DNA sequence: GTCTATATAATGATAGAC
DNA sequence: GTCTATCATTATATAGAC
């Protein structure tokens with residue numbers, strides 16, 4: 049806003065992609081127009097199509113870019129110090145607000161790229177949880193893979209609905225109080241569960257008559 | 049498809065609304081066009097706008113209708129046999145596939161109506177959970193209200209991401225196997241939690257230095 | 001109440017100069 | 001590579017007849 053034309057190392061194509069990631073994330077694919085993206089990138093609408101062929105092509109480029117960035121962050125995390133906290137996996141996608149917004153929007157819109165991210169995070173969480181079980185920090189599960197899927201879905205669900213959570217809490221979105229109360233609630237449930245007697249344990253046994261999965265069924269490619 | 053013109057008790061306005069609920073839910077607000085809605089309702093596009101003023105007005109009418117229907121179902125459930133299972137609250141919004149699709153789409157698109165539904169379900173769940181605690185089926189929580197918010201968000205999150213869950217499970221969406229495995233995973237986490245030692249209990253105590261909430265803070269209107 | 005036009009506006013995409 | 005037109009399509013919304 050301070051100056052229309054500012055020094056920028058990025059090529060026009062990169063500026064367009066970055067502007068698109070931000071606008072797609074904030075407004076959604078449909079509402080974000082090629083004109084708006086061009087304006088934010090400081091180029092003409094025609095150049096957007098020239099570089100990416102079509103609006104759809106631009107989205108594909110954004111998908112690829114964001115997926116790559118997340119994969120890079122995940123690799124870095126694994127190679128550096130490793131935590132076995134199943135929620136630490138979420139830390140790697142926090143912080144980068146713009147990419148995060150893009151990811152959440154993609155998840156809402158159900159794009160293939162979001163699916164790949166989801167799958168990747170499940171795999172990553174599963175590996176960390178396996179290690180957590182080995183070190184004794186986590187309870188062994190009858191099906192660790194399914195549990196990883198569930199936890200990732202819940203974490204993303206909480207992120208997708210954070211506006212509703214904030215409102216129900218009566219706090220500002222992303223305020224310190226909201227985060228604290230959310231973490232407290234998560235911690236409590238994840239430590240104790242919510243059921244107090246063996247009634248649901250019985251229900252469980254009824255559901256699982258014969259087969260016993262110990263290490264997590266990995267039959268999906 | 050079997051016959052273009054069929055006997056139908058509903059007024060044209062009602063047919064339009066029903067068609068809109070279905071199309072908004074299936075395609076989203078943007079992608080579902082007035083023309084398509086009119087076609088499905090068996091009327092002209094102009095009549096749609098005549099009755100509801102604008103496409104937005106039509107959405108408002110759909111919101112009101114769907115919210116009303118869910119409220120009615122919830123009231124019926126409370127007045128009949130009452131379960132204290134915190135997940136039984138979700139049962140009342142299952143089954144009605146079309147309205148459910150509309151609700152999930154509204155949640156994805158972040159409409160105010162979805163927010164009202166969310167809040168209503170939190171209140172309802174909280175009441176059931178309070179009863180569950182009294183009867184001893186549920187563990188007492190340090191903040192039952194926040195826990196209710198979390199559980200509703202997670203349940204909705206799982207619903208929102210059921211496509212990803214099915215894929216990660218390697219099952220068909222809505223297949224019997226998928227539902228069973230999902231329920232098993234939920235039951236396990238909700239019964240035992242996932243953490244095995246007191247490390248996170250300590251983290252909890254650090255987070256909560258002085259205040260102690262026992263019955264759930266209800267400071268939100 | 002319901003229809004057949006039609007107005008109006010916005011959008012993705014193209015052509016062709018520089 | 002980048003721009004200025006411009007096209008073609010599609011959308012919501014309106015006017016006015018029946």
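Residue numbers (the numbering used here), protein chains in the order written: chain G, 49 to 269; chain R, 49 to 269. In this text, a Cβ means the ideal position worked out from N, Cα and C, and glycines have one as well. Quantities reported herein were computed from a predicted structural model and do not represent experimental measurements.
Applying the 10 Å Cβ sphere with the 16-neighbour rule, what's the burial state of residue 92 of chain R? Position 44 of the second chain, counting from 1, holds the residue named residue 92 of chain R. With fewer than 16 other Cβ atoms within 10 Å, it is exposed.
Please list the segments of the beta strand (DSSP E) lying wholly inside the segment 152 to 197 of chain G, counting only runs of 3 or more residues, in order along the chain. Within the segment 152 to 197 of chain G, no run of beta strand (DSSP E) reaches 3 residues while sitting entirely inside it.
Neighbour list for residue 191 of chain G in chain R, Cβ cutoff strictly below 9 angstroms: What you label residue 191 of chain G is simply residue 143 of the first chain in a count that begins at 1. Correct list: 229, 232, 233, 236.
Between the segment 171 to 182 of chain R and the segment 189 to 203 of chain G, do three or more beta carbon pairs fall short of 8 angstroms? No, the segment 171 to 182 of chain R does not touch the segment 189 to 203 of chain G.
CB contact flag (residue 111 of chain R, residue 159 of chain R, <8 angstroms): Working through the second chain from its first residue, we reach residue 111 of chain R at position 63. Working through the second chain from its first residue, we reach residue 159 of chain R at position 111. In this structure, residue 111 of chain R lies near residue 159 of chain R, with their beta-carbon atoms less than 8 angstroms apart.
Using 8 angstroms as the limit for Cβ to Cβ distance, is residue 185 of chain G near chain R? On the first chain, position 137 is the one that residue 185 of chain G refers to. So yes, residue 185 of chain G belongs to the interface.
So, at 6 angstroms on beta carbons, what are the nonlocal neighbours of residue 263 of chain R in its own chain, with the 5 sequence-adjacent residues on each side left out? As a working note, residue 263 of chain R is residue 215 in the second chain. Below a pLDDT of 50, predicted positions are generally treated as unreliable, and residue 263 of chain R, at 42, falls in that range; the measurement from the model is reported next regardless. Excluding sequence positions up to five before and after residue 263 of chain R, its CB lies less than 6 angstroms from no other CB in the same chain.
Run through DSSP, which three-state label would residue 217 of chain G get? What you label residue 217 of chain G is simply residue 169 of the first chain in a count that begins at 1. In this structure, residue 217 of chain G counts as helix in the three-state DSSP scheme.
Assuming residue 242 of chain G contacts residue 148 of chain R (C-beta within less than 8 angstroms), just tell me the rounded distance between them. Within the first chain, residue 242 of chain G is the residue found at index 194, counting from 1. Within the second chain, residue 148 of chain R is the residue found at index 100, counting from 1. Rounded, the Cβ-Cβ distance is 24 angstroms, inconsistent with contact.
Taking the alpha-carbon positions, what's the residue 113 of chain R to residue 170 of chain R distance? Indexing the second chain from 1 puts residue 113 of chain R at position 65. Indexing the second chain from 1 puts residue 170 of chain R at position 122. Looking at the two C-alpha atoms, the distance is approximately 20 angstroms.
Buried or exposed for residue 172 of chain G, going by 16 or more other Cβ atoms inside 10 Å? On the first chain, residue 172 of chain G is found 124 positions in, with the first residue counted as 1. Residue 172 of chain G is buried by the Cβ-count criterion.
Compare the C-beta of residue 73 of chain R with all C-beta atoms of chain G and state if any pair is closer than 8 angstroms. In the second chain, counting from the first residue as 1, residue 73 of chain R sits at position 25. Using beta-carbon distances, residue 73 of chain R does not count as an interface residue toward chain G, since no partner is under 8 angstroms.
Using C-beta distances below 8 angstroms, list every residue in its chain close to residue 221 of chain G, excluding the 5 sequence neighbours before and after it, in chain order. Walking along the first chain from the start, residue 221 of chain G turns up at place 173. The beta carbon of residue 221 of chain G sits closer than 8 angstroms to those of 210, 211, 214, all from its chain and outside the five residues before and after it, given in chain order.
According to DSSP, is residue 243 of chain R helix, strand or coil? Taking the first residue of the second chain as position 1, residue 243 of chain R is located at position 195. In the structure shown, the three-state DSSP call for residue 243 of chain R is strand.
Starting from the Cα of residue 103 of chain G, find the closest Cα among G:146, G:168, G:116, G:65 and give me that residue. Within the first chain, residue 103 of chain G is the residue found at index 55, counting from 1. Minimum Cα distance to residue 103 of chain G is reached at G:65.
Going by Cα to Cα distance, which pick from R:151, R:88, R:82 is closest to residue 100 of chain R? Looking up residue 100 of chain R in the second chain gives position 52. Among R:151, R:88, R:82, the Cα nearest to that of residue 100 of chain R belongs to R:82.
Among R:201, R:176, R:217, whose alpha-carbon lies nearest the alpha-carbon of residue 216 of chain G? Sequence index remark: in the first chain, residue 216 of chain G carries index 168 (1-based). Per the Cα distances, R:201.
Residue-chain proximity (residue 242 of chain G, chain R), Cβ-Cβ < 8 angstroms: Position 194 of the first chain, counted from the first residue, corresponds to residue 242 of chain G. At least one chain R Cβ lies under 8 angstroms of residue 242 of chain G.
Taking 8 angstroms as the CB-CB limit, is residue 206 of chain G close to chain R? For this step, residue 206 of chain G is matched to residue 158 along the first chain. For residue 206 of chain G, the answer is yes, since a Cβ of chain R falls inside 8 angstroms of its Cβ.
Among R:75, R:224, R:184, R:97, nearest to residue 244 of chain G - alpha-carbon criterion: For the purposes of this step, residue 244 of chain G is taken as residue 196 along the first chain, with counting starting at 1. Nearest C-alpha to residue 244 of chain G: R:184.
Apart from the five residues just before and just after residue 154 of chain R, which ones in its own chain have a Cβ nearer than 6 angstroms to its Cβ? Position 106 of the second chain, counted from the start, is the residue given in the question as residue 154 of chain R. Non-local C-beta neighbours of residue 154 of chain R in its own chain, meaning closer than 6 angstroms and more than five positions away in sequence, comprise 161, 162, ordered along the chain.
First and last residue of the uninterrupted alpha helix (DSSP H) at residue 104 of chain R: What you label residue 104 of chain R is simply residue 56 of the second chain in a count that begins at 1. Per DSSP, residue 104 of chain R belongs to the alpha helix (DSSP H) from 103 to 127.
Determine the burial state of residue 115 of chain G: buried for a count of at least 16 other Cβ atoms within 10 Å of its Cβ, exposed for fewer. Locating residue 115 of chain G in the first chain gives position 67, counting from the first residue. When all chains shown are included, residue 115 of chain G counts as buried.
How about residue 152 of chain G: is its C-beta nearer than 8 angstroms to some C-beta of chain R? Sequence index remark: in the first chain, residue 152 of chain G carries index 104 (1-based). No - not a single Cβ of chain R is within 8 angstroms of the one on residue 152 of chain G.
With DSSP run on the structure shown, which of helix, strand or coil describes residue 91 of chain R? Counted from its first residue, the second chain places residue 91 of chain R at position 43. Residue 91 of chain R falls in the coil class under three-state DSSP.
Under 8 angstroms by Cβ, that's how I've got residue 145 of chain G and residue 77 of chain G pegged, so tell me the actual separation to the nearest angstrom. Reading the first chain from its first residue, position 97 is the one you call residue 145 of chain G. Reading the first chain from its first residue, position 29 is the one you call residue 77 of chain G. With 8 angstroms as the limit, residue 145 of chain G and residue 77 of chain G do not qualify as a contact, their Cβ atoms being about 19 angstroms apart.
Of all the options R:225, R:236, R:62, which has the alpha carbon lying nearest to the alpha carbon of residue 196 of chain G? Numbered from its first residue, the first chain carries residue 196 of chain G at position 148. For residue 196 of chain G, the closest alpha carbon among the candidates R:225, R:236, R:62 is that of R:236.
Would you report the Cα separation of residue 90 of chain G and residue 108 of chain R, rounded to the nearest angstrom? For this step, residue 90 of chain G is matched to residue 42 along the first chain. For this step, residue 108 of chain R is matched to residue 60 along the second chain. Taking the straight line joining both Cα atoms gives about 37 angstroms.
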